[in-house]
Every structure is written in C-alpha cells, then in structure tokens.
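> Numbering (this note's numbering), first residue to last: 14 to 193.
Yeah, the Cβ is synthetic: ideal placement off N, Cα and C, and Gly gets one too.
Here you go, one structure.
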C-alpha cells in the first residue's frame with residue numbers, strides 16, 4: 014500500500030508550482046500567432062487549434078521561470094528550501110517543469126484534435142497532461158521524487174482540484190469562456 018507523508022505535501026507543491034504557473038499563464042498572456050499557423054494534420058483537423066499560440070508558450074515559460082526565480086530568492090535557508098540553497102537548481106527545475114507543462118498541454122490538444130474533441134470541450138486531457146509533461150521533462154534530471162507512489166497520487170489529486178477551481182474562478186470573472 015502507498016504511504017503518504019503529509020509533511021511532504023508542501024514540498025511537492027513548491028516543486029510543481031512553476032508548472033502550474035506555466036500552464037495558467039497562456040490563458041492571460043496568450044493570443045496571436047497560433048503555433049500550428051492554422052495548418053491541418055493529415056486527418057484534416059487542426060494540429061493543435063487556434064488557442065495554442067507562440068505568445069502563450071512564451072508567457073508560460075516566463076511565468077514558470079518567474080515563479081522559480083522567486084522560489085530561488087525566497088526559499089533558501091528556510092524550512093521549505095527544497096534544493097539545498099542552490100538557486101541554479103530552482104531555475105533548472107523551473108525551466109524543465111515549465112517546458113514540460115507546456116509540452117504536455119500541447120500533446121493533450123494534439124490528442125484531443127485527433128479524437129475530434131473540439132477546443133473548449135472538457136476532458137481528462139485538459140486537466141492533467143500538463144502535469145505529466147512537467148514530470149516527464151524533470152525526471153531525467155534527478156527531480157523524480159514527485160513520481161514516487163503516494164507523492165504522484167497526491168500531485169494528481171491536488172492538481173486536478175486546483176486546476177478545476179482555477180478554471181471555475183477564471184470563468185466566473187470572465188477570463189475564460191468555459192468553466193473547464
């Protein structure tokens with residue numbers, strides 16, 4: 014059976030926070046210049062869709078790196094220092110997690126288009142592919158603690174709940190057209 018240590022939860026959230034920022038930022042900072050330039054795949058459907066833009070990718074990377082830089086500045090020498098007072102590790106993890114989150118989101122959109130799920134329709138792919146992409150990119154560089162059994166389950170559950178809540182809030186205040 015998986016055993017989860019509740020005290021590790023805050024460290025996991027600190028670790029994954031750059032990915033959350035990278036995934037959320039395109040909603041606010043995206044627009045213009047679709048990544049697929051409006052081109053269709055061989056199935057005659059959009060490759061990613063008009064909602065995936067270069068500005069969103071740049072904004073997502075910037076937001077994720079900003080969060081990592083804030084962590085690198087604020088957390089060393091505190092009880093929440095997850096990288097042993099090494100700012101470069103915060104930035105490396107932030108870059109990998111951000112790029113992975115954006116890649117995971119793109120992969121989810123690509124798969125949705127292949128399955129003929131229109132943009133804006135809810136699916137599992139919208140909720141968690143960014144998390145899986147982030148962890149996939151960070152894992153080869155030694156940031157694999159998040160993949161250990163109960164830690165991964167915790168991240169999946171908390172990510173789903175945070176993502177769902179953030180989307181509902183964004184819809185309520187008019188930032189998103191749909192609540193998912």
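Would you mind giving the Cβ-Cβ distance between residue 103 and residue 81, rounded to the nearest angstrom? I have them listed as a contact below 8 Å.
Confirmed, about 5 Å.
> So residue 144 packs on residue 107, CB below 8 Å; how close in whole Å?
That belief does not hold up - the Cβ atoms of residue 144 and residue 107 are roughly 15 Å apart, past 8 Å.
> Can you check whether the CB of residue 98 is closer than 8 Å to the CB of residue 77?
No; because the gap between Cβ atoms is not below 8 Å, this pair is not in contact.
> Can you tell me whether residue 52 is buried or exposed, with buried defined as 16 or more other CB within 10 angstroms of its CB?
Burial call: exposed.
> When DSSP builds the beta bridges, which residues end up paired with residue 47?
Paired residues: 66.
> Hey, which unbroken runs of the alpha helix (DSSP H) at 4 residues or more fall wholly within the stretch 131 to 172?
Here the runs fully enclosed are 137 to 151.
> The alpha helix (DSSP H) that contains residue 27, what's its start and end?
Where residue 27 is concerned, the enclosing alpha helix (DSSP H) stretches over 22 to 42.
> Taking 8 Å as the threshold, find out whether the stretch 24 to 41 comes into contact with the stretch 170 to 179 through three or more Cβ pairs.
At 8 Å Cβ cutoff, the stretches touch.
> If you check the beta carbons only, do residue 115 and residue 70 fall under 8 Å apart?
Yes, Cβ-Cβ distance for residue 115 and residue 70 is below 8 Å.
> Count the other C-beta atoms from every protein chain shown that fall within 10 angstroms of the C-beta of residue 28, then say buried if there are 16 or more, exposed otherwise.
That one is buried.
> Distance, Cα to Cα, residue 180 vs residue 189?
Whole-angstrom Cα-Cα distance: 7 Å.
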